[in-house]
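**Q**
Residue numbers (this note's numbering), protein chains in the order written: chain A, 1318 to 1781; chain B, 240 to 705.
1) Does any C-beta atom of chain A lie closer than 7 Å to the C-beta of residue 580 of chain B?
2) With 7 Å as the threshold, decide whether the Cβ of residue 668 of chain B is near any Cβ in chain A.
3) Anyone know if the C-beta pair for residue 332 of chain B and residue 549 of chain B falls short of 7 Å?
4) For chain B, find out if any of its Cβ atoms is closer than 7 Å to the Cβ of residue 1804 of chain A; answer yes or no.
5) Can you look up residue 590 of chain B in the DSSP assignment and give me helix, strand or coil?
6) Does any residue of chain A have a CB that is nearer than 7 Å to the CB of residue 593 of chain B?
7) What whole-angstrom Cβ distance do residue 1654 of chain A and residue 1758 of chain A have, given they're in contact under 8 Å?
8) Under 8 Å: do the region 612-620 of chain B and the region 636-652 of chain B share three or more Cβ pairs, one atom per stretch?
9) Just how far apart, CA to CA, sit residue 1776 of chain A and residue 1506 of chain A?
10) Determine, using beta carbons only, whether residue 1691 of chain A and residue 1606 of chain A come nearer to each other than 7 Å.
11) Counting only beta-carbon separations shorter than 7 Å, does residue 1774 of chain A have a partner in chain B?
12) Under 8 Å by Cβ, that's how I've got residue 653 of chain B and residue 621 of chain B pegged, so tell me the actual separation to the nearest angstrom.
13) Should residue 476 of chain B be labelled buried (16 or more other beta-carbon atoms within 10 Å of its own) or exposed?
14) Count the other CB atoms, across all protein chains shown, that sit within 10 Å of the CB of residue 1502 of chain A; report buried if there are 16 or more and exposed otherwise.
15) Can you give the beta carbon distance from residue 661 of chain B to residue 596 of chain B, rounded, assuming they're within the 8 Å contact cut?
16) Does any residue of chain A bring its CB to less than 7 Å from the CB of residue 707 of chain B?
17) Would you call residue 594 of chain B buried or exposed, if buried means 16 or more other Cβ atoms sit within 10 Å of its Cβ?
18) So residue 591 of chain B and residue 1712 of chain A are supposed to be a Cβ contact under 8 Å. How far apart are they, rounded?
19) Mind checking if residue 1703 of chain A is an interface residue toward chain B, Cβ cutoff 7 Å exclusive?
20) Look at the alpha carbon of residue 1765 of chain A and the alpha carbon of residue 1526 of chain A, and state the distance between them as a whole number of angstroms.
21) Distance, Cα to Cα, residue 748 of chain B vs residue 1667 of chain A?
22) Buried or exposed: residue 663 of chain B, going by 16 or more other Cβ atoms within 10 Å of its Cβ?
23) What separation, rounded to the nearest whole angstrom, lies between the Cα atoms of residue 633 of chain B and residue 1489 of chain A?
24) Would you call residue 250 of chain B buried or exposed, if buried means 16 or more other Cβ atoms sit within 10 Å of its Cβ?
25) Counting contacts by CB-CB distance shorter than 7 Å, is residue 1727 of chain A in contact with chain B?
26) Could you give the DSSP three-state label for residue 482 of chain B: helix, strand or coil?
27) I want to verify the contact list: residues of chain A whose CB lies under 7 Å from the CB of residue 567 of chain B, in sequence order.
28) Could you check whether the Cβ of residue 292 of chain B sits closer than 7 Å to any Cβ belonging to chain A?
29) Kindly list the residues whose CB is nearer than 6 Å to the CB of residue 347 of chain B, restricted to its own chain and excluding five residues on each side of it in sequence; keep chain order.
30) Which one of A:1546, A:1595, A:1421, A:1405 has the shortest CA to CA distance from residue 1508 of chain A?
31) Output yes or no for whether 7 Å exceeds the beta carbon distance between residue 1376 of chain A and residue 1463 of chain A.
32) Can you pull the chain A residues whose beta carbon is under 7 Å from the beta carbon of residue 584 of chain B, in chain order?
33) Under 8 Å between beta-carbons, which chain A residues line up against residue 614 of chain B? List them in chain order, please.
34) Classify residue 412 of chain B as helix, strand or coil using the three-state DSSP reduction.
35) When you compare only the Cα positions, how much space is there between residue 1649 of chain A and residue 290 of chain B?
36) Just tell me which of B:420, B:261, B:493 has its CA closest to the CA of residue 429 of chain B.
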């Protein structure tokens, strides 16, 4: 029996938007890791004040790409330059469709000569695998599916941890019993922890050096125990799935663009290749932003803040379209700080007999794989709000937004429409509710300590 | 190296300090997904249509087999066993020698000389202790609850345990059975067919509507579940996730978490020596604004948490003498505290104010942050009760808590519930630094639900509230 393809699914659906808005899948899963190790407030605080251990071993798909043409494949698909992309370097790989709209992004590791690993939500992986298999490239591809998409026992190829926070360096020093490796951002080296070989990627969050550590699955407990032990004196906290999912809010990464693959005849072969039950076919789309045209949900690398990564030093899918807008991208990525009064009003509706506002779950308030709320100002839609939650560090509800350039200056007052029209779609996460307007202040990305200080002397003083 | 006992620990640590600074975290409802759809609609379904509760993981099952099985439970329970034939169940309540509650749970008479107790650990431990050390002719098999964090490992239990509840439950049950099912009296057991398999049933109910608890071999759980879910579609059946499940008791009025009264008393010492440091009693946590150096101040009697009608002096049991002495005295009684919405709003608002006091987070829908919660209730400057289990009901659109109130506190009185712990909070992992806040609350009946109040017939849960 031939498995149904995404294209079959779309042929049977009234429209891609209708299909995705009524998906029964729920929000993106952060599986296996307990929701909280201690409590999510203190776990969030720890990445600002001490140190944290993120367990990223489960929620992302890994895909190993090997062969003499692996780099060529990645170069043909990625907006990124691969010049100087040596072994032991990593980069945030971004793939676009022919119109320059983002299909997905993921972290790409150059593990060894002609060997790469792509790690993230699977939309970029699928696109790379499709071209790898159908484009005549000399590559072999091996996927290691995220835990939520696995049927069998939880045996992954690699564990993946991050040590982050202002004391991450101290933890690393103690853990490796050596000076902290002096490597640049997104460079890797091999360390020994508890007698095991561990690859370390220099990463960072909140402006402080941090490390992503990965190695053989069977070493995961030994390495983890060693990290916890070494971290004890530095106040290292294990971060559960609840707090982890909000780390993107503070760092300003948008994990959830709609993969730009549901429309266009040039992608119909790809949609026939994609299974109906994959990420693209099952993802749910939610929020107040509504258009009949799925391409209105697509985002460019410039929208998502990846402008500096776009490199015209090579030929790649989407290049022409991006070259046309490179000089003057129309939208910017921003943080949207929700007005406390309005968030409180929405919360307070839980106690009223009339319709409640859409429930704001804390700390992550997303109720779809792909959250898309509209941002309005002066009676017009001026942007999108795509990932929503609460930060105990900033003491605010925050969402990541993409707004028209003229509304992107920090301090601009806009309104986020929270909840879905007409009482809500049929997604299982959506109870009947009434839409509500939340005033928000455009703020910088990342919404970090510096941002908070600006915020204190910026809009707060201006508003009063 | 043998594990330390609870008694060993108490040689150097006061029970109140041990429990208030426990590092165990909140009481976990394991394995079951936190939400199948969303907890608001899952709560609504038990009021409006019907639900499937998966109770296969969060409770300990302890099997008691042998000629002395009934004697063992009778010797340790306030309940009478004069009417306890095979295929009956009852809410088993053991007390300490001083007449304080150790715990409670459901005891099933499965067959001649074979019982199973299902509930939180304190009762299970107490049964096991007496079964192993009391000279009874019984064999004890403990099937512990599922791990709070399985870390990807397989979970295995002896039985699955489901409940089908809600106003449409009986129609669904009869559809599953392929014919009428006798509406036996509450806590009577029978059997029915599901998909060609016979499953055992316990007549239960919720909000006045009849329902069933069903169980069978754990291996059959997914097969049985799929049949129920499929058949339940036309009746609006919702599978209930762990978040909503834990709150159903707020509406039905059962207090799941009295502190086991085992930390004091010379006659309880052998038991403390038997309990290990990893036991619920030694590792569990105590949280809330009520603070006393004396652990006894946290103990409750059966009369106080609504079990007065179970106390039966027709047999000899541990705690009998103590309960006899207080039986005719005025008792504190079980009530529901309905929290003031504006005050709950103020707690939420405090999360959004940098630089201002931050109050203890009210997690929704279940707000407990310890295995046993104890928040003080104040009226005219005097402590008049305690709040012991808190959360939000979408059906009632209110934060509710179950607790106890002094005899002179009346339904309808406005009291003050102090939310959060003193001095910034204890060392429990679930407690971020915070300040206490006073929340107004209206003393209300249990069960709170208007529907249940009016339709729980002569049930024990409502008897105490009148």
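The C-beta atom is built at its ideal place from N, Cα and C for all residues, glycine as well.
**A** Reading off the structure:
1) Position 341 of the second chain, counted from the start, is the residue given in the question as residue 580 of chain B. Chain A, which has a Cβ nearer than 7 Å to the Cβ of residue 580 of chain B, makes this yes.
2) Here residue 668 of chain B refers to the residue found at position 429 of the second chain. Cβ-Cβ to chain A under 7 Å: yes for residue 668 of chain B.
3) Mapped onto the second chain, residue 332 of chain B falls at position 93. Mapped onto the second chain, residue 549 of chain B falls at position 310. Their beta carbons are under 7 Å apart, which means residue 332 of chain B touches residue 549 of chain B by this criterion.
4) Nothing can be reported for residue 1804 of chain A, as the shown portion of chain A is limited to 1318 through 1781.
5) Within the second chain, residue 590 of chain B is the residue found at index 351, counting from 1. Looking at residue 590 of chain B - three-state DSSP - the assignment turns out to be coil, as it is neither helix nor strand.
6) As a first step, residue 593 of chain B is located in the second chain; it is residue number 354 there, counting from the start. It does; some Cβ of chain A falls within 7 Å.
7) As a first step, residue 1654 of chain A must be located in the first chain, where it is residue number 337. As a first step, residue 1758 of chain A must be located in the first chain, where it is residue number 441. So it is a contact: roughly 5 Å between Cβ atoms.
8) yes
9) The residue labelled residue 1776 of chain A in the question sits at position 459 within the first chain. The residue labelled residue 1506 of chain A in the question sits at position 189 within the first chain. With a pLDDT of only 33 at residue 1776 of chain A, under 50, the local geometry of the prediction cannot be trusted, and the value read off the model is given with reservation. If you take the alpha carbons of residue 1776 of chain A and residue 1506 of chain A, they lie about 43 Å apart.
10) Within the first chain, the letter at position 374 stands for residue 1691 of chain A. Within the first chain, the letter at position 289 stands for residue 1606 of chain A. Yes; because the gap between Cβ atoms is below 7 Å, this pair is in contact.
11) Position 457 of the first chain, counted from the first residue, corresponds to residue 1774 of chain A. Unreliable placement is indicated for residue 1774 of chain A, whose pLDDT of 36 sits below 50; the coordinate value is still reported in the next sentence. No, its Cβ sits nowhere closer than 7 Å to a Cβ of chain B.
12) Reading the second chain from its first residue, position 414 is the one you call residue 653 of chain B. Reading the second chain from its first residue, position 382 is the one you call residue 621 of chain B. Actually they are not in contact, since the Cβ atoms of residue 653 of chain B and residue 621 of chain B sit about 14 Å apart, beyond 8 Å.
13) In the second chain, counting from the first residue as 1, residue 476 of chain B sits at position 237. Residue 476 of chain B is buried by the Cβ-count criterion.
14) Against the first chain, residue 1502 of chain A aligns to sequence position 185. Answer is exposed; the Cβ neighbour count stays below 16.
15) Position 422 of the second chain, counting from 1, holds the residue named residue 661 of chain B. Position 357 of the second chain, counting from 1, holds the residue named residue 596 of chain B. Actually they are not in contact, since the Cβ atoms of residue 661 of chain B and residue 596 of chain B sit about 14 Å apart, beyond 8 Å.
16) Residue 707 of chain B lies beyond the residue range present for chain B, which begins at 240 and ends at 705; the question has no answer from this structure.
17) As a working mapping, residue 594 of chain B is identified with position 355 in the second chain. Under this definition residue 594 of chain B is an exposed residue.
18) Here residue 591 of chain B refers to the residue found at position 352 when the second chain is read from its first residue. Here residue 1712 of chain A refers to the residue found at position 395 when the first chain is read from its first residue. Indeed they touch by this definition, with Cβ atoms about 6 Å apart.
19) As a first step, residue 1703 of chain A must be located in the first chain, where it is residue number 386. With 7 Å as the cut-off, residue 1703 of chain A does not count as an interface residue toward chain B.
20) Here residue 1765 of chain A is taken as the residue at index 448 of the first chain, counted from 1. Here residue 1526 of chain A is taken as the residue at index 209 of the first chain, counted from 1. Because residue 1765 of chain A sits at a pLDDT of 47, beneath the cut-off of 50, its placement in the model cannot be relied upon, and the following sentence gives the value as read from the coordinates. Straight-line Cα distance between these residues: approximately 14 Å.
21) Coverage of chain B is limited to positions 240 through 705, which leaves residue 748 of chain B absent and any answer about it impossible.
22) Indexing the second chain from 1 puts residue 663 of chain B at position 424. Result: exposed.
23) Mapped onto the second chain, residue 633 of chain B falls at position 394. Mapped onto the first chain, residue 1489 of chain A falls at position 172. Approximately 46 Å, taken between the alpha carbons.
24) The sequence position of residue 250 of chain B within the second chain is 11, counting from 1. Burial call: exposed.
25) Residue numbering aside, residue 1727 of chain A sits at position 410 when the first chain is read from its first letter. It does not: the Cβ of residue 1727 of chain A has no partner Cβ on chain B nearer than 7 Å.
26) Position 243 of the second chain holds residue 482 of chain B. The answer is helix: DSSP assigns residue 482 of chain B an H, G or I state.
27) Position 328 of the second chain, counted from the start, is the residue given in the question as residue 567 of chain B. Going along chain A, no residue has its Cβ under 7 Å from residue 567 of chain B, so there is no contact; the nearest lies around 41 Å.
28) For the purposes of this step, residue 292 of chain B is taken as the residue at position 53 of the second chain. Not closer than 7 Å to any Cβ of chain A, the Cβ of residue 292 of chain B fails to qualify, so no.
29) Counting from 1 along the second chain, the entry for residue 347 of chain B is found at position 108. Within the same chain, residue 347 of chain B has close Cβ partners 328, 355.
30) For the purposes of this step, residue 1508 of chain A is taken as the residue at position 191 of the first chain. Here the closest residue by C-alpha is A:1405.
31) As a working mapping, residue 1376 of chain A is identified with position 59 in the first chain. As a working mapping, residue 1463 of chain A is identified with position 146 in the first chain. Yes, the pair counts as a contact, with Cβ atoms nearer than the cut-off.
32) What you label residue 584 of chain B is simply residue 345 of the second chain in a count that begins at 1. Near residue 584 of chain B (Cβ distances below 7 Å), the residues of chain A are 1661, 1664, 1665.
33) Walking along the second chain from the start, residue 614 of chain B turns up at place 375. Those within 8 Å of residue 614 of chain B in chain A number zero; the least Cβ separation is about 17 Å.
34) Counting from 1 along the second chain, the entry for residue 412 of chain B is found at position 173. Looking at residue 412 of chain B - three-state DSSP - the assignment turns out to be helix.
35) Stepping through the first chain from its first residue, residue 1649 of chain A is reached at position 332. Stepping through the second chain from its first residue, residue 290 of chain B is reached at position 51. Distance between the alpha carbons of residue 1649 of chain A and residue 290 of chain B is about 46 Å.
36) Counting from 1 along the second chain, the entry for residue 429 of chain B is found at position 190. Measuring from the Cα of residue 429 of chain B, the nearest candidate turns out to be B:420.
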